[in-house]
Each structure stands twice: as structure tokens, then as C-alpha cells.
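Visitor: Under the working numbering, residues 37 to 268 are what the sequence shown spells out, in order. C-beta atoms are modelled at their ideal positions from N, C-alpha and C, and glycine is treated no differently. Treat the numbers as computed from the prediction; the structure is a model and nothing was measured.
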Amino acid sequence: MAIASDNELKRLLASPAKNASEEGSMAPPLTANVPRPSTSQSNPQASMTPMLPASGGKELVDPCLQNVVSTVNLGTELKLTYINTRTRNSEYNPARFTGLIMRIRNPRATALIFRSGKLVCTGARCEEDSFLASKKFARIIQKIGFSVKFMDFKIQNIVATADLKFPIKLENLNHMHGQFSSYEPELYPGLIYRMVLPRVVLLIFVNGAKNRQELKDALTNIYPILKSFRKQ
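1. Which class does residue 247 belong to by DSSP, given the choice of helix, strand or coil?
2. I'd like to check one pair, residue 161 with residue 104: are the Cβ atoms closer than 8 Å?
3. For residue 165 and residue 186, what's the separation of their Cα atoms in angstroms?
4. Buried or exposed for residue 247, please, with buried defined as at least 16 other CB atoms from any protein chain shown within 10 angstroms of its CB.
5. Would you identify the three-state DSSP class for residue 222, choosing helix, strand or coil?
6. Determine, using beta-carbon pairs with one atom in the segment 144-159 and one in the segment 202-214, whether at least three such pairs fall under 8 Å.
7. Which one or two residues does DSSP pair with residue 176 in a beta bridge?
8. Alpha helix (DSSP H) containing residue 208: first to last residue?
9. Applying the criterion that 16 or more other CB atoms from any shown protein chain within 10 Å of the CB defines a buried residue, is residue 9 buried or exposed?
10. Which whole runs of the alpha helix (DSSP H) in the segment 92-155 are 4 residues long or more, in chain order?
11. Check whether the segment 168-183 and the segment 100-115 are in contact - that is, three or more C-beta pairs closer than 8 Å.
12. Nearest by alpha-carbon distance to residue 163: which of 189, 178, 116 and 173 is it?
13. According to DSSP, simplified to helix, strand and coil, what is residue 167?
14. For residue 262, which three-state DSSP category applies?
15. Per DSSP, residue 200 is paired with what?
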């Protein structure tokens, strides 16, 4: 199975969710040879609406945080070439990327620092580490002579994984939830599922947010749906 390039994955993620009018019925055509979920268990698709997929019963899956992305405004214009010459843990190649890249080990994180004073912190494994790392990056820049502030810190994105302990029928899931999902295995091996509430994008693989509560809510909503497409 071919794995998509970064650009192909970005295109898939950027594609808008389908409208109900375009999709027609949420269920597959009667002539399609797609087995439906077993009727011996509760079927979460029964109460699905055009705006929000049914979530079924409340079953908990704990997410494992992999990456937290945050931003902060340092409140002053920065001389990136000067910062690069004064720090050992940075790299700056404006021909390839307009920002300066700086790394620290404790907590392990990477900063993208821009001349405008905007700092993007990525690679931290929790919200607290992202905040601490951003403060450390700001302090490093302050120590070499810049009058920096620490304004408008915000968590922009949280990436987490969850192991459901069972394989999933991605083709069937895409047929039944086509308004919310897209699945192009020739470009990317995972199914992309755009949840409406909370507004979270999930990448779902056959082998199975803005804050941590949204992650937990998304997993609570999607778990019974995925369970109904469990491979036997």
C-alpha cells in the first residue's frame, strides 16, 4: 500500500466535509455488497443526523498525547541571524525557511521563531511542558539582549493516539459515514474522520484538538462507531 506524501495528506485533510445534499443517503446503495454492522449489538448509525454522527453508548478510551503545538507573541522584532550566531541549539537558513529553528531537551521541544516576534512551540508531550518550553525559549532570547514579553500564549493543536485493541473495517465505515469521512487508501492508508462536535479530525487506521477534554470527548463519541465496524 502506497503512503501519501505530506502534500497529499494535507490535501486530504484540507478537503471540506461533504454536504448532505451531495451525499444523499448516509447508507450505501442497496446493490452495494457492503455488510452492515451486526444487529445483535446496538447500532449507533440508527440515530445519525446530517449534522452529527451518532455516538452510541459511553465507552471510554484513554488518549496518549504525542504532540502539543502552542504559540506565543514575544512582543518585539527579532534579528534571527544574530540569535543564530549567539545560540548553539539553533539553525537558520532563510533560503529554505523564513523562521529560526531552536531546540531544547528539558522539556524536549522545538521552537519556530519568526522576525515578527511570533514563536511556535511544537514537540511537547503535554500542555504544561508546552508552556514551560515556550517560557524557556523566551528566556534564551531575552538573555542575549532582546526585550521580550510573553503575550497571548495559546494551545493551537493537540495530537494524540489511542489503541482500540481491535481492527476496523475502514471501507464499511467510509460507506456508512461518508458525510464525515474520506478514505483513499492509494494516497494514504488511514481514514480521515471529521467530527462536528467536538470539532476534531481523527486519522483512523485498520490496525488500530484544542484541549485534552475535546480529545476525550472525540474518542468517547467515535469508539462505539468504530466498534460496530470491528473486523471479526
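Guide: Per the coordinate set shown:
1. coil
2. yes
3. 16 Å
4. exposed
5. coil
6. no
7. DSSP, once it has assigned bridges, lists no residue as partnering residue 176.
8. 206-212
9. In this structure the chain extends from 37 to 268, so residue 9 is not present and cannot be described.
10. 116-122
11. yes
12. 189
13. helix
14. helix
15. Answer by DSSP bridge pairing: none, since residue 200 is not bridged.
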